[in-house]
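Enquirer:
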Amino acid sequence: MSQNILDKNPLIYSCIPRITAMCGDVMFLPNDSDTIVMNGRKFADEYAERVLKPRCIGFKGKYGRLPKLVTILVGENPASESYLRIKSRFFSTLCLDSEVLRLSKDINERDLLNTINSLNNNSNVDGILVQLPLPRHIDADKVIESISIERDVEGLSPGNVHAWAKAIPNLVPATALGVLALLKYYEISLEGKHTVIVGRSMIVGKPVLHLLLKENCTVTICHSRTKQLGRHTRQADILIAAVGKAHLITADMVKKGAVVVDVGVNFLDGKLVGDVDFKTVKSKTSYISPVPGGSGPATVSMLAGNLLLAAELQKTGDNKEQKECLRDYYKNYTIVTDTNYC
Ligand code: GUN
72 MSQNILDKNP
82 LIYSCIPRIT
92 AMCGDVMFLP
102 NDSDTIVMNG
112 RKFADEYAER
122 VLKPRCIGFK
132 GKYGRLPKLV
142 TILVGENPAS
152 ESYLRIKSRF
162 FSTLCLDSEV
172 LRLSKDINER
182 DLLNTINSLN
192 NNSNVDGILV
202 QLPLPRHIDA
212 DKVIESISIE
222 RDVEGLSPGN
232 VHAWAKAIPN
242 LVPATALGVL
252 ALLKYYEISL
262 EGKHTVIVGR
272 SMIVGKPVLH
282 LLLKENCTVT
292 ICHSRTKQLG
302 RHTRQADILI
312 AAVGKAHLIT
322 ADMVKKGAVV
332 VDVGVNFLDG
342 KLVGDVDFKT
352 VKSKTSYISP
362 VPGGSGPATV
372 SMLAGNLLLA
382 AELQKTGDNK
392 EQKECLRDYY
402 KNYTIVTDTN
412 YC
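Each residue of the sequence shown is one higher than the last, beginning at 72 in my numbering.
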């Protein structure tokens, strides 16, 4: 356990007995009041202060400008708007340059590909993010794959997917990194734990699978065709809900003492809610991340980190420099999350 984390986070002291409780097969828990609500904002602020800000200042000092992200939003989507708001707030605290390109829902695929191509060739743009979902008439895979690998801050281009699937450090999807960061920040032991992921997307389910395998978890992935979902989720020491269905996970689907991370972004009666029915599930868990305020801010801080990393990598000359840059970046990720990715 890092001394720095303890110094800055008295909260973590209070986690220790329950982490110990999770080390065996049986978990003793919980009263509702014992449940720890994972604070993604607190994590994101600390990560910004200790890792991202010094790196931003270093980048500006060296290259005379801050890294720039361009987000492409096609049409309108309330979940995307919510994500963009959180992102823009967080990026402005770091003075990162962030522009949103709003395009009509009727734009054709060729015009969208041309827009991305011109951003790929703009030396003042370090990262490109295409907000999903895209309208049905556009092939989302083709669009994502058109982003140059070095500007692919979401880690979704074929080269980056190959890297994270083989646990080779490069750009990893921010939401997946955010999930791992939250688990690590709360010092939840992962080795040998049965983790059940609900959702098989390229943004969350699949990269989380690979990150957790690297942490020696046993991982099950469930999805829309899984039969008797609750039979699987009740096996989970750690349950990750990333399916995009409001309140899908109810108390009867969760093992007592489980850790639950909710990655869902849904709107129910105009309110932002997760995939987990937080009110009823909370009392069964040892740790639970809320929506909003859990995985969302952690994701955004990881995206800011990915933008910095992408910008830094684009300034490196050769393979050796790239490797040093990646090692240095993930060493800093380690400071807050205690994760040794390299
Ligand atoms: N839509 C909802 N979440 C995400 C995300 O993390 N990335 C992108 N590109 N689109 C999204």
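Backbone N, C-alpha and C define an ideal beta-carbon position, used for all residues, glycine too.
1. Can you tell me whether Ser-295 is helix, strand or coil according to DSSP?
2. Excluding five sequence neighbours on each side, which residues of the same chain lie with their C-beta closer than 6 Å to the C-beta of Leu-282?
3. Per DSSP, what are the beta-bridge partners of Ile-199 in this structure?
4. Please work out which residues of its chain come closer than 7 Å, Cβ to Cβ, to Thr-370, disregarding the five sequence neighbours upstream and downstream, and give them in chain order.
5. If you reduce the DSSP assignment to three classes, tell me which class Glu-180 lands in.
6. In this structure, does DSSP put Ala-92 in helix, strand or coil?
7. Taking the continuous beta strand (DSSP E) assigned at Ser-159, which residues delimit it?
8. Just to confirm before moving on: does the CB-CB distance between Ile-320 and Asp-346 stay below 8 Å?
9. Rounded to whole angstroms, what is the Cα-Cα separation between Ser-366 and Lys-391?
10. How long is the line joining the alpha carbons of Ser-194 and Asn-337, rounded to whole angstroms?
11. Around the Cβ of Ile-128, are there at least 16 other Cβ atoms within 10 angstroms (buried) or fewer (exposed)?
12. According to DSSP, is Asp-168 part of a helix, a strand, or is it coil?
13. Which residues does DSSP list as the beta-bridge partners of Leu-343?
14. Ligand 1 and Glu-216: does any heavy atom of the ligand fall closer than 7 Å to the residue's C-beta?
15. Cutting at 6 Å between CB atoms, please list the residues of its own chain near Lys-131, excluding the five before and the five after it.
16. Which partner residues does Arg-173 have in the DSSP bridge list?
17. Got a sec, what are the start and stop residues for the beta strand (DSSP E) Asp-333 sits in?
18. Using 10 angstroms around the beta-carbon of Val-214, count the other beta-carbons present and answer buried if the total reaches 16, otherwise exposed.
19. Sort Arg-156, Leu-123, Arg-121, Ser-175 by Cα distance to Glu-147 and report the nearest one.
20. For Val-314 versus Gly-335, is the C-beta distance shorter than 8 Å?
21. My output table needs one value for Ser-357: the three-state DSSP class, helix, strand or coil.
22. Taking only beta-carbon positions, decide if Asn-191 is within less than 8 Å of chain D.
23. Need the endpoints of the alpha helix (DSSP H) that His-303 sits in, please.
24. Thr-106 to Ala-234, Cα distance in whole Å?
25. To the nearest angstrom, how far is it from the Cα of Gly-95 to the Cα of Val-279?
26. According to DSSP, simplified to helix, strand and coil, what is Lys-394?
27. What number of angstroms, rounded off, separates the C-alpha of Asn-185 from the C-alpha of Leu-254?
28. Find out if the Cβ-Cβ distance for the pair Lys-264, Arg-271 is shorter than 8 Å.
29. Kindly indicate which three-state DSSP category Thr-289 falls into: helix, strand or coil?
30. Which partner residues of His-265 appear in the DSSP bridge assignment?
31. With Leu-254 as the anchor, note down where its alpha helix (DSSP H) starts and where it stops.
Expert: This is what the structure gives:
1. coil
2. Ala-247, Leu-251
3. Val-141, Asp-223
4. Ala-245, Thr-246, Gly-249
5. helix
6. Confidence at Ala-92 is low in this model, with a pLDDT of 33, below 50, so its placement is unreliable and no value can be given for it.
7. Element bounds for Ser-159: not the beta strand (DSSP E) but the alpha helix (DSSP H), 149-164.
8. yes
9. 34 Å
10. 36 Å
11. exposed
12. strand
13. Phe-338
14. no
15. Leu-137
16. Leu-144
17. 329-333
18. buried
19. Ser-175
20. yes
21. strand
22. Absence of chain D from the displayed structure is noted, only one protein chain being present.
23. 300-304
24. 36 Å
25. Caution applies to Gly-95, whose pLDDT of 35 falls short of 50 and renders its modelled position unreliable; the model cannot decide the point.
26. helix
27. 40 Å
28. no
29. strand
30. Thr-289
31. 245-256
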